[in-house]
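Numbering (my numbering), first residue to last: 153 to 445.
Don't be surprised by glycine CBs; every beta carbon is placed ideally from N, CA and C.
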Amino acid sequence: YHPLFNSSETDIILSSSDNLWYRVHSYTLRNTSGFFRAMFSLPQPRRSESSSQSTSGSSVDDHSSASEPAVDPSQQLPLLSCCDVIERVLSLSEMWDAPGPISFIRMGITNPTLLAIEPVRIYAIACHFGWTEARELAAQHTLTLDLLGEEEEQRTEPTNDPINTLLNLRKRRVDTFRMLLNSPVRFSAGNTPDYLCARCGVTQLDNRSWRQMKDALMLEIERRPLGDEILGKAVKGLGGTDPVNLGVVSWPEARPCWEAQCTKEGCGGLNYDRVATLRQIAYCIDALPLQVD
């Protein structure tokens, strides 16, 4: 018997799939579970006087890690560190029509540890139960992942294929970033046709280095749509956990861009303003959509 559920004064015994037994009061089950409340409302067989003190047994088709929190919601704290257990508890709670464990999980499912480790599974759970706040937070945390390499595996997740919605958010961020990077308003020197050197006003700029850096930026935003690896810091409180990452400023594609100069003899004006360019890149990332449709 489970040491926390071994009172001889109970009238129900439940057993888990891993052969752990629980002594519980039918009163507790009746008040925490719609399934047991309905079951106990049915006519019960009469017991003989000699067996009036005996207990009834029932099998729980789940592991003890799920059945324990479902039997007693006050025992749930450890489960919020493991998504496997959370999913089992939620499944059993739905089957039992037990809102207590579901409410407890809803309050704690957005803890930073879970979101950092398994945001996709948290997102799928939140979609299934209609938890809007948890869904949005989990979706944002998936932006640090390379979902394209995991797409086929993740499509085995339950509910109405939430991966499609996550991929749509990523696509919107990538498309918006591309549009902003190609804007002649934000990056006039690199994106304006026939742009002349700001110093001499004569030589047309050679923008090959800028185009190469844009390609590198697009590859990175497609791989990790959050953009924290580009900035070298967190984006709206997300990511940016690598203290040695300096962002795009240290990329090999960036150096030719910063060093590109006017080819007119005696001019040597820089093609691009490094500080202004980095600032505009940061503005672009800050402007990307962060909410799922």
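If you compare alpha carbons, which of the options is closest to residue i?
| i | options | result |
| --- | --- | --- |
| Gly-186 | Asp-394, Thr-296 and Ser-245 | Ser-245 |
| Ala-278 | Gln-432, Ile-238 and Met-365 | Ile-238 |
| Tyr-424 | Ile-261, Gly-252 and Asn-343 | Asn-343 |
| Leu-440 | Val-427, Val-401, Gly-421 and Arg-324 | Arg-324 |
| Ala-341 | Ala-428, Ile-373 and Asp-327 | Ala-428 |
| Cys-347 | Trp-173, Asn-316 and Leu-357 | Sequence check: residue 347 is Tyr here, not Cys. Comparing Cα-Cα distances from Tyr-347 to each of Trp-173, Asn-316 and Leu-357, the minimum goes to Leu-357. |
| Leu-181 | Arg-240, Pro-195, Trp-248 and Gly-420 | Trp-248 |
| Gln-432 | Ser-335, Gly-420, Arg-322 and Cys-414 | Ser-335 |
Pull up the distance between the alpha-carbon of residue i and that of residue j, whole angstroms please.
| i | j | result |
| --- | --- | --- |
| Gln-443 | Arg-175 | 46 Å |
| Arg-375 | Ala-434 | 17 Å |
| Gly-384 | Arg-351 | 31 Å |
| Thr-262 | Leu-289 | 7 Å |
| Asn-183 | Gly-399 | 55 Å |
| Ile-164 | Ser-193 | 15 Å |
| Asp-445 | Glu-161 | 53 Å |
| Pro-256 | Asp-380 | According to the sequence shown, residue 256 is Phe rather than Pro. Whole-angstrom Cα-Cα distance: 32 Å. |
| Glu-411 | Leu-299 | 35 Å |
| Lys-388 | Ile-382 | 14 Å |
| Lys-366 | Asp-327 | 13 Å |
| Leu-422 | Asn-359 | 12 Å |
To which residues of the same chain is residue i closer than 7 Å at the C-beta, ignoring the five residues directly before and after it?
| i | result |
| --- | --- |
| Gly-260 | Leu-232 |
| Asn-397 | Glu-381 and Gly-384 |
| Arg-330 | Met-370 |
| Ala-368 | Trp-403 and Glu-405 |
Report all residues from its chain with a CB closer than 6 Å to the CB of residue i; omit the five preceding and five following residues, and keep chain order.
| i | result |
| --- | --- |
| Cys-235 | Glu-270 and Arg-273 |
| Ser-361 | Pro-408, Cys-409 and Ala-412 |
| His-102 | Missing from the structure shown is residue 102; the chain here goes from 153 to 445 and no further. |
With a CB to CB cut of under 8 Å and the five nearest residues on each side skipped, what residues in its chain are close to residue i?
| i | result |
| --- | --- |
| Lys-461 | Nothing can be reported for residue 461, as the shown portion of the chain is limited to 153 through 445. |
| Gln-364 | Glu-405, Pro-408 and Cys-409 |
| Asn-320 | Val-444 and Asp-445 |
| Ile-254 | Leu-242, Ser-245, Glu-246 and Phe-281 |
| Thr-265 | Ser-233 |
| Phe-339 | Leu-333, Trp-362, Thr-429 and Gln-432 |
Within 10 angstroms of its Cβ, does residue i collect 16 or more other Cβ (buried), or is it exposed?
| i | result |
| --- | --- |
| Leu-318 | buried |
| Thr-393 | exposed |
| Ser-402 | exposed |
| Thr-296 | buried |
| His-177 | exposed |
| Ala-250 | buried |
| Pro-195 | exposed |
| Tyr-179 | exposed |
| Pro-395 | exposed |
Using a Cβ-Cβ cut-off of 8 Å, state whether residue i counts as contacting chain D.
| i | result |
| --- | --- |
| Gly-379 | Protein chains in the displayed structure number just one, and chain D is not present. |
Exercise for review: Kindly provide the ranges of any alpha helix (DSSP H) runs that are 4 or more residues long and lie completely inside the stretch 320 to 407, ordered along the chain.
Suggested key: Counting only runs of 4 or more, we get 340 to 343, 360 to 375 and 380 to 383.
Practice item. Starting from the N-terminal side, write out each stretch of the alpha helix (DSSP H) that is 4 residues or longer and does not extend beyond the stretch 260 to 289. Key: Correct list: 264 to 269 and 271 to 281.
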